[in-house]
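In UniProt numbering, the protein residues as written are 1 to 273.
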Amino acid sequence: MGVAVTGPVARLALVGSGDGGGMVIDQSVVDLAADPIGRLTETVVGTDRLLADEGHRLVGTRLCWADQRQAGQLRKALDDSGVQNVSLLSEPEAVTALVRNISRGTGQHGVLLIDDDTAMLSVVGGDDATMTALAAEPLRGADSVTAAGRLLARLREQPGAAEDIYLIGKSSDVSAVADELRATSALPVAVPDDPEFAVARGAALAAGSVAMTQAAMPAQDATMAAMPAQDATMAAMPAQDATMAAMPAQDATMAAMPPRTPRWLRCHPKTRR
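Okay, here's the thing in structure tokens:
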């Protein structure tokens, strides 16, 4: 599962892992106007328990929240509630996971990441764990199209740096920006499906990728797989607690789940699709 928080709104994406890695099972929006930690804890814990009731398992959750203090509080609340494999993820890391999934891990791809204040140009290679930032443009006094156009001009100065461009933002407005850029860009400009959920999906894909890595490694080696640096003090944790390598195949993947709205969404009337 991926959780991406922007202001008073959280977007959640649930994707399959294992052989069905990348398949979107569900996406939802949670209003965080009141008690954001409590609302998100209730939602994620409810999902974890309902999946377990149906014979599946939430193999990992990644939290993408610029407010590091609240992100840390949410992670602790989820850990205390028994949700396993929860960690924080930066927005560039989530976007990297998304682009690698879309491109099947091949080729060099440019990424234009647009938020409320900045447009950033980066490059993601097929084997890259993180993106390489090339340039950024502030959006103060400039519209998104103008700033993005200037960044694409810089990319043209580096022949072979990318074979296409992925435009990623936090609202559906990125589709309109992409339409204008296509008129002048020499490279194909693509927008992920449901662009407002792109970061949440990337975070979920990153969680699934780590789970697959752990499952494929010997137990004694998988303990530290992809453990964030801030968690290095956990190195002494017994292997059976720190890895899911011994998880039965039917628990390690949600690929077989039908693409329907899980019951946990119906249990939360304030959560909207």
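Using N, Cα and C, we set each Cβ at its ideal position, and we do this for glycine too.
Here the structure is a predicted model, which means the values were calculated and not measured.
Between the C-alpha atoms of residue i and residue j, what's the straight-line distance to the nearest angstrom?
i: residue 145; j: residue 199; result: 20 Å
i: residue 153; j: residue 134; result: 12 Å
i: residue 52; j: residue 164; result: 40 Å
i: residue 48; j: residue 180; result: 42 Å
i: residue 116; j: residue 79; result: 31 Å
i: residue 183; j: residue 138; result: 22 Å
i: residue 175; j: residue 105; result: 24 Å
i: residue 17; j: residue 150; result: 38 Å
i: residue 12; j: residue 107; result: 28 Å
i: residue 130; j: residue 95; result: 9 Å
i: residue 178; j: residue 87; result: 32 Å
i: residue 24; j: residue 206; result: 13 Å
i: residue 92; j: residue 112; result: 11 Å
i: residue 228; j: residue 9; result: Per-residue confidence for residue 228 stands at a pLDDT of 47, beneath the threshold of 50, marking its modelled position as unreliable; the derived number appears in the next sentence. Looking at the two C-alpha atoms, the distance is approximately 26 Å.
i: residue 114; j: residue 55; result: 39 Å
For residue i, does the three-state DSSP call read helix, strand or coil?
i: residue 287; result: With the chain covering 1 to 273 only, the question about residue 287 has no answer from this structure.
i: residue 174; result: helix
i: residue 140; result: coil
i: residue 83; result: coil
i: residue 146; result: helix
i: residue 207; result: helix
i: residue 16; result: coil
i: residue 4; result: strand
Would you list the one or two residues that DSSP bridges to residue i?
i: residue 133; result: 122
i: residue 113; result: 120, 168
i: residue 190; result: 166
i: residue 108; result: 125
>> For the region 38-46 against the region 10-30, do three or more pairs of beta-carbon atoms, one drawn from each stretch, fall closer than 8 Å, so that the two count as touching?
In response: The region 38-46 vs the region 10-30: in contact.
> Can we say the region 180-191 touches the region 78-98, given the rule of at least three CB pairs closer than 8 Å?
Replying inline: No, they do not touch.
> Taking the runs of the beta strand (DSSP E) that are 3 residues or longer, which of them lie wholly in the region 19-75?
Replying inline: Runs of the beta strand (DSSP E) inside the region 19-75: 24-31, 61-65.
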